[in-house]
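Protein chains: 2
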Amino acid sequence: MLRFRLLSFSLSPISSSSSPVFKPHTRNRFLFLKKLSSQMGSYTTASDSQLSGSKKLLFRQLFEKDSSTYTYLLADASHPDKPALLVDPVDKTADRDLSLVKELGLKLIYAINTHVHADHVTGTGLIKSKVPGVKSIISKASNAQADLLIEPGDKVYFGDLFLEVRATPGHTLGCVTYVTGDGPNQPQPRMVFTGDALLIRGCGRTDFQGGSSETLYKSVHTQIFTLPKDTLVYPAHDYKGFTVSTVGEEMKYNPRLTKDEAGFKGIMENLNLAYPKMMDVAVPANMLCGLQDVESKAN
Amino acid sequence: MLRFRLLSFSLSPISSSSSPVFKPHTRNRFLFLKKLSSQMGSYTTASDSQLSGSKKLLFRQLFEKDSSTYTYLLADASHPDKPALLVDPVDKTADRDLSLVKELGLKLIYAINTHVHADHVTGTGLIKSKVPGVKSIISKASNAQADLLIEPGDKVYFGDLFLEVRATPGHTLGCVTYVTGDGPNQPQPRMVFTGDALLIRGCGRTDFQGGSSETLYKSVHTQIFTLPKDTLVYPAHDYKGFTVSTVGEEMKYNPRLTKDEAGFKGIMENLNLAYPKMMDVAVPANMLCGLQDVESKAN
């Protein structure tokens, strides 16, 4: 059974607007259901809500060239405070991202990672140091440090929009995938931020950081390929210049994940990839939410 | 007064499906208006048509890393033949683009350039050699060779969707900008493919190929900044990892185009840029629709 937990950032004038609230499980299930119910009352037809849903979401895909990393900016543009979050920010491009957030008049509340990256240093530490009040998020299963440790079934709210957390281990043991909500006021088609679990026509390697090809195969097939086929796939990396795919496309054309499990394992065991260049720098830094935290602790 | 011309690719079973028809002016004005009228009859409300419009368009942004070029794939996914076009394809990534076209079940009919590029060789020649029937398009003002030479006010149809041609010289003398239609069955918000005339928070250089900072300033202000503010801006390049902007954003934050004309000219005259590395290879090739054409003529 799915567990519902709510990561809500209170934006009412009474409570502090710089302290995201991580509510305990039982109460949040109630809050989540109540929230959904009140949203549903605002719309009468499916097509109207789809249109409204997509108009509410302000979305930007951003690229960091050295590590070919995609960072995603999402905001609820219909909310008075325009609360926003960044998925997989990179330290090198943190200033670019923050400048964009400012120009668009957004209030950044979360800096989120899909997993402990081995190829770049996360921007979360730097962002937190530059924008007080921003909370870092990573999965509890990653064993990394962050302000909020999320678990499968959790919902990360930004305004009236939310990302649902799905466990997709296999590239690392703590990988999660974030999916936009399936409520009537959420973006249509849905969008899935897959980290390195599923790349466009590929997937992340499985030979480090608790990786397992068997686990990754199950993760993608049970947690991502079960989404509607028109769900837009936004990965953490692309090395060929693709920006987006769909679940249906990857189910049909992903050269690795379309194989059976044995075939997939065979491919992953014979990739013969070099040791990740940035790994020995990036992983220790990312376990602490970015190199900036490591440095500040050392001083 | 706007001139209406129609670039229509006949997809009826009677006529040849591999010969785009470039109709003369007078007749096409009639055809264009007739086409629009029949589309309008299908929809009853603004919100419905907006939703349908965006659902009809299959859109992909593709990146070529060496020259930081964006190629755009657009198709009418609701049309039985899924007619498609590529804007600013690059020779190096032509195979990637054609593979995607095939996987998505599209029928590529046009390979279009915004201008004669100086930093990469266009993919149009290679694409034409690999996919018989595809027609290359460039502006008449560019003085380059292509199957179809378009002029301001022309409309390039792919299925029931179209791109409108706007003259935006200044980076080169033949630069054009393509804008998705403003009809009721066209994508909302509109999308503008600006080539190098307007980049995200920047613009193309004006010191080669008949460039003129004065002309570019007028082009952007009269042809692009007059579009609705929510129009999505898709440039031919980005060097900082941005993928999209809006007209409203550029009107507010573009560090060059927000200046007055004298200020803009001053900036452009003092960029002190190096001679374009690829220019002596790319421009002669692109004047003939891609190096492949040059090679085949030489053999």
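Protein sequence lines correspond, in order, to chains A and B. So the first sequence is residues 1 to 299, counted in the UniProt record's numbering. So the second sequence is residues 1 to 299, counted in the UniProt record's numbering. Using N, Cα and C, we set each Cβ at its ideal position, and we do this for glycine too.
By the Cβ criterion, the stretch 181-201 of chain A is not in contact with the stretch 127-146 of chain A, since fewer than three pairs of Cβ atoms, one from each stretch, lie closer than 8 Å.
The contact set of V244/A on chain B, defined by CB atoms closer than 8 Å, consists of R60 and Q61 in chain order. Where V101/A is concerned, there is no enclosing beta strand (DSSP E), although the alpha helix (DSSP H) around it starts and stops at A94 to E103. For Q61/B, the pairing in a beta bridge is given by DSSP as Y72/B. Proximity of chain B to K82/A at the Cβ level (cut-off 9 Å) is not reached, the minimal Cβ distance being about 14 Å. At a cut-off of 8 Å, the C-beta of K229/B has no neighbouring C-beta in chain A.
Taking a beta-carbon distance threshold of 8 Å, Y234/B does not count as an interface residue toward chain A. For R96/B, at least one C-beta of chain A is nearer than 8 Å to its own C-beta. If you check the CB distance, L74/B and F158/B come in under 8 Å. The beta carbon of E103/A falls within 8 Å of a beta carbon belonging to chain B, placing the residue at that interface. When the five nearest sequence neighbours on each side are left out, the beta carbons in the same chain lying within less than 6 Å of the beta carbon of R205/B are those of L273, in order along the chain. If you draw a straight line from the Cα of Y72/A to the Cα of F193/A, it is about 9 Å long. In this structure the stretch 275-282 of chain A does not touch the stretch 232-243 of chain A; the number of beta carbon pairs closer than 8 Å is below three.
Annotation for M251/A: the continuous alpha helix (DSSP H) segment containing it runs V247 to Y253. When CB distances to chain B are screened at a threshold of 9 Å, the residues of the stretch 246-271 of chain A falling below it are E249, K252 and Y253, in chain order. Going by DSSP, G195/A is part of the beta strand (DSSP E) stretching over M191 to G195. Here DSSP, grouped into helix, strand and coil, assigns E151/A to coil. Note that the C-beta distance between A111/B and V134/B is below 8 Å. DSSP, read as helix, strand or coil, puts H120/A in coil.
Contact of K240/A with chain B by beta-carbon distance below 7 Å involves R96. For K135/B, DSSP records a beta bridge to Y110/B. Buried is the label assigned to N113/A, since at least 16 other Cβ atoms lie within 10 Å of its Cβ. Here T180/A is buried. Its C-beta has 16 or more other C-beta atoms within 10 Å. For T124/B, there are no neighbours in chain A by C-beta distance under 9 Å, as the nearest C-beta there is about 17 Å away. Annotation for A84/B: no alpha helix (DSSP H) segment contains it, though the beta strand (DSSP E) segment containing it runs P83 to V87. Looking at A167/B, V220/B, M278/B and F208/B, the one whose alpha-carbon comes closest to that of E269/B is F208/B. Secondary structure at A167/B: strand, using DSSP grouped into helix, strand and coil.
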